[in-house]
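*Asks:* There's a structure below that I have some questions on.
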């Protein structure tokens, strides 16, 4: 286990370094001049030169990257050229909003997707499977922005069951926070629930036809026990992989949902920084997302050994 963790930590460090290089180069390749955004359209060449010198944009790229990497290692991601606020403060204020939304959406997707997938597999060839497949196809087909607008119109504005916008920190009022996040979480998690359902159904069908399931049934094990203790547990390996990949994507991909429901989250910060050519904020945001992916993938790898003892973290499988 120790050797495995050291190996994964080394791979994660290399991934972060390469990602920082790609991000740094990609941000510098964006059209537009951040110095012009800071100084204004009417700025003189002398003023632009002074702003570039202040931001370090007049230095060679390798010097700029070295300064950025050295500061990032010490926990300093720079200062926003648009607001003058430290990037760590901006991320610290917006990341919890997206994190709570992503976790809530993933819980909704996993619970609904697992339950529907098990039903579709156990009730294969019945109306239940047809209904679940139809709902999953609908969840995959309807764009999130359209689903969000419909949810606001028919669940918030009309009957007033949910707030149409706004955010309440969970530490301030947990029930109100849950109420405000329910509608965005359902909209964000609908597509993932459909994917989880399809993967669970396919994996369950494969496991239900396996030899060990037939052996358990022959020994008199009840059908619910076979489904839950054997087939579902072995199917969770696929689901955990899917959840790990999707959770990282939710953190970086909640831009549309946050815009629709007026949430001051990570997606809004990313979009604003791209539009304003705010280099430090863009770099900090992408590094945080990359770190989230790395940590989530490491946790997923460790969960494999809990769900399936045949998988050995030291390498290979029995």
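In my numbering, the protein residues as written are 280 to 597. Don't be surprised by glycine CBs; every beta carbon is placed ideally from N, CA and C.
Please report the Cβ distance between residue 245 and residue 380, rounded to the nearest whole angstrom; I am assuming they are in contact, meaning their Cβ atoms lie under 8 angstroms.
*Replies:* The chain is shown only over 280 to 597; residue 245 falls outside these bounds and no answer can be derived.
*Asks:* Residue 543 bridges to which residues according to DSSP?
*Replies:* For residue 543, which the question treats as bridged, DSSP gives no partner whatsoever.
*Asks:* Please report the distance separating the alpha-carbon of residue 284 from that of residue 521.
*Replies:* Cα to Cα, residue 284 sits roughly 22 angstroms from residue 521.
*Asks:* Could you tell me whether the Cβ atoms of residue 579 and residue 523 are closer together than 7 angstroms?
*Replies:* Yes, the pair counts as a contact, with Cβ atoms nearer than the cut-off.
*Asks:* What does the alpha-carbon distance come out to for the pair residue 638 and residue 365?
*Replies:* Past the edges of the chain, shown from 280 to 597, lies residue 638, and the structure says nothing about it.
*Asks:* Please determine, among 357, 427, 384, 398, the residue with the shortest C-alpha to C-alpha distance to residue 557.
*Replies:* Minimum Cα distance to residue 557 is reached at 357.
*Asks:* Using only CA atoms, which one of 397, 360, 391, 398 lies nearest to residue 330?
*Replies:* The option with the nearest alpha carbon to residue 330 is 360.
*Asks:* If you draw a straight line from the C-alpha of residue 544 to the C-alpha of residue 441, how long is it?
*Replies:* When rounded, the distance between both Cα atoms is 19 angstroms.
*Asks:* Which of the three DSSP states is assigned to residue 438 in this structure?
*Replies:* In the structure shown, residue 438 sits in coil (DSSP, three-state: anything other than H, G, I, E or B).
*Asks:* Evaluate residue 572 with the Cβ neighbour count: other Cβ atoms within 10 Å of its Cβ, from every protein chain shown; 16 or more gives buried, anything less gives exposed.
*Replies:* Under this definition residue 572 is a buried residue.
*Asks:* Skipping 5 residues on each side, what residues in its chain have a beta carbon closer than 8 angstroms to that of residue 548?
*Replies:* Excluding positions up to five away in sequence, the list reads 369, 370, 373, 560, 564.
*Asks:* Between residue 450 and residue 384, how many whole angstroms is the CB-CB distance? I'm expecting something under 8 angstroms.
*Replies:* The Cβ separation is near 20 angstroms, so there is no contact.
*Asks:* Pull up the DSSP beta-bridge partners for residue 365, would you.
*Replies:* Answer is 358, bridged to residue 365.
*Asks:* Counting along the chain, where does the alpha helix (DSSP H) carrying residue 471 start and finish?
*Replies:* Residue 471 -> alpha helix (DSSP H) spans 453-487.
*Asks:* Given 8 angstroms as the limit, is there contact between the segment 464-481 and the segment 408-427, that is, 3 or more CB pairs closer than that?
*Replies:* At 8 angstroms Cβ cutoff, the stretches touch.
*Asks:* If I measure Cβ to Cβ from residue 540 and keep anything under 6 angstroms in the same chain, skipping five residues before and after, which residues do I get?
*Replies:* Closer than 6 angstroms at the Cβ level, and outside the excluded window around residue 540, lie 444, 463.
*Asks:* For residue 350, name the three-state secondary structure that DSSP assigns.
*Replies:* The answer is helix: DSSP assigns residue 350 an H, G or I state.
*Asks:* Is the CB-CB distance between residue 394 and residue 484 below 7 angstroms?
*Replies:* No; because the gap between Cβ atoms is not below 7 angstroms, this pair is not in contact.
*Asks:* Are residue 411 and residue 421 close, meaning C-beta to C-beta below 7 angstroms?
*Replies:* Cβ atoms of residue 411 and residue 421: not closer than 7 angstroms.
*Asks:* Rounded to the nearest angstrom, what separates residue 343 and residue 353 at their Cα positions?
*Replies:* Answer to the nearest angstrom: the Cα atoms are 16 angstroms apart.
*Asks:* Is it buried or exposed for residue 335, if we count other Cβ within 10 angstroms and need 16 for buried?
*Replies:* Its Cβ having fewer than 16 others within 10 Å, residue 335 is exposed.
*Asks:* With the cut-off set at 7 angstroms, would you say residue 473 and residue 419 are in Cβ contact?
*Replies:* Yes, they are a contact pair.
*Asks:* If contacts are defined as beta-carbon pairs under 8 angstroms, then residue 392 and residue 479 qualify, I think. What distance do you get, rounded to the angstrom?
*Replies:* Correct: roughly 6 angstroms between the Cβ atoms.
*Asks:* Could you please give the first and the last residue of the uninterrupted alpha helix (DSSP H) stretch that includes residue 496?
*Replies:* That run of the alpha helix (DSSP H) goes 490-497.
*Asks:* To the nearest angstrom, report how far apart residue 505 and residue 566 are at their CA atoms.
*Replies:* If you take the alpha carbons of residue 505 and residue 566, they lie about 44 angstroms apart.
*Asks:* List in chain order: all unbroken alpha helix (DSSP H) runs of 4+ residues lying wholly within the segment 370-456.
*Replies:* Whole alpha helix (DSSP H) segments, 4+ residues: 406-420, 423-430.
*Asks:* What separation, rounded to the nearest whole angstrom, lies between the Cα atoms of residue 437 and residue 459?
*Replies:* Taking the straight line joining both Cα atoms gives about 16 angstroms.
*Asks:* Measure from the alpha carbon of residue 553 to the alpha carbon of each residue in 301, 290, 305, then state which is nearest.
*Replies:* With distances taken between Cα atoms, residue 553 lies closest to 305.
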